[in-house]
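Numbering (the working numbering), first residue to last: 410 to 714.
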């Protein structure tokens, strides 16, 4: 068996950025909640509800970031590295629910629009936009670091676009008197939320379902491994993602019987691990290979493929 534990070190610490973004988002949330109550605006109410999920999501992300720094234990051999995936999954599910609600409520308000005070609406829209831009600046540099930060960044980005929609709706109402502009802005926010939330939900679910990492074609991996000298067969080939930046791969590799007599098996193990670490778009530095003779296959369970 070959093991490479290069990625068992703790995850990077992003708690400072998340804490700043959480503080800003919570402040905006309180201001917009007052604005939604004063104006009765759907766009502002939806943006406030979105901000509420964002604040909860950022708090969850902050908690997950803290958990992911805990070291592995005999009971939790990967530590809490998957906490960031679970947090992103929860955030995306909440975002999807909010987006669907927005679309339904927006259609209803198009038919029966309430009276919306445009002056107050634009004031609270600007407050939200300024705060969201500040949060975006805090998170932008590390938004691709992991699923957790990516979910947080997308939530704040959607909030910023929602604030823009609120401001535009307020201007339209003030200049034309067309009250449906508020509902249109709400629908716009919903259209922004749903696809992004669904995409993130699908990706994080894929991680939890042990899907192969995106960009790693296992058929291609198998072909490359079979091209190595003395390798006769590759089966039980599996790959998954523990957390962002931590792909793992395992396989049973059948080699010629002479390799066990002339000591060549150790060299083959090095070649196998170097292959999966260097030859593919996704570098797999944590790999486990079981090197076996052709006769060993007869002793394995029929489910091994």
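From the three backbone atoms N, C-alpha and C, an ideal C-beta is built for every residue, glycine too.
Cβ separation of residue i and residue j, assumed to be a contact under 8 Å, to the nearest whole Å
i: residue 621; j: residue 643; result: No, residue 621 and residue 643 are not in contact; Cβ-Cβ is about 15 Å, not under 8 Å.
i: residue 470; j: residue 561; result: 5 Å
i: residue 637; j: residue 680; result: 5 Å
i: residue 496; j: residue 464; result: About 14 Å; that fails the 8 Å criterion.
i: residue 627; j: residue 646; result: 6 Å
i: residue 501; j: residue 591; result: That belief does not hold up - the Cβ atoms of residue 501 and residue 591 are roughly 27 Å apart, past 8 Å.
i: residue 531; j: residue 580; result: 7 Å
i: residue 434; j: residue 535; result: At roughly 16 Å, the Cβ-Cβ gap does not stay under 8 Å, so residue 434 and residue 535 are not in contact.
i: residue 478; j: residue 617; result: Incorrect: roughly 21 Å between the Cβ atoms, too far for contact.
i: residue 487; j: residue 480; result: With 8 Å as the limit, residue 487 and residue 480 do not qualify as a contact, their Cβ atoms being about 10 Å apart.
i: residue 593; j: residue 583; result: With a Cβ gap of about 15 Å, residue 593 and residue 583 do not count as contacting.
i: residue 563; j: residue 609; result: 7 Å
i: residue 543; j: residue 641; result: Incorrect: roughly 60 Å between the Cβ atoms, too far for contact.
Secondary structure of residue i, DSSP reduced to three states
i: residue 604; result: helix
i: residue 652; result: strand
i: residue 508; result: helix
i: residue 623; result: coil
i: residue 413; result: Residue placement at residue 413 cannot be trusted, given a pLDDT of 42 that sits under 50; what the coordinates show is reported in the next sentence. Three-state DSSP puts residue 413 in coil, outside helix and strand.
i: residue 426; result: helix
i: residue 646; result: strand
i: residue 691; result: coil
i: residue 450; result: coil
i: residue 596; result: helix
i: residue 705; result: helix
i: residue 633; result: helix
i: residue 478; result: coil
i: residue 618; result: coil
Contact check, residue i vs residue j, beta carbons under 7 Å
i: residue 520; j: residue 606; result: no
i: residue 651; j: residue 540; result: no
i: residue 466; j: residue 603; result: no
i: residue 688; j: residue 665; result: no
i: residue 453; j: residue 600; result: no
i: residue 589; j: residue 526; result: no
i: residue 572; j: residue 537; result: yes
i: residue 663; j: residue 612; result: no
i: residue 366; j: residue 658; result: This structure cannot speak to residue 366, because the chain is shown only from 410 to 714.
i: residue 430; j: residue 547; result: yes
i: residue 648; j: residue 625; result: yes
i: residue 440; j: residue 457; result: no
i: residue 524; j: residue 447; result: no
i: residue 533; j: residue 444; result: yes
i: residue 696; j: residue 682; result: yes
i: residue 675; j: residue 668; result: no
i: residue 492; j: residue 468; result: no
Residue interval of the beta strand (DSSP E) (run including residue i)
i: residue 696; result: 695 to 701
Bounding residues of the alpha helix (DSSP H) (the contiguous stretch that carries residue i)
i: residue 684; result: 674 to 687
- Item | Every unbroken alpha helix (DSSP H) within the region 523 to 582, with a cutoff of 4 residues, ordered by chain | 527 to 548
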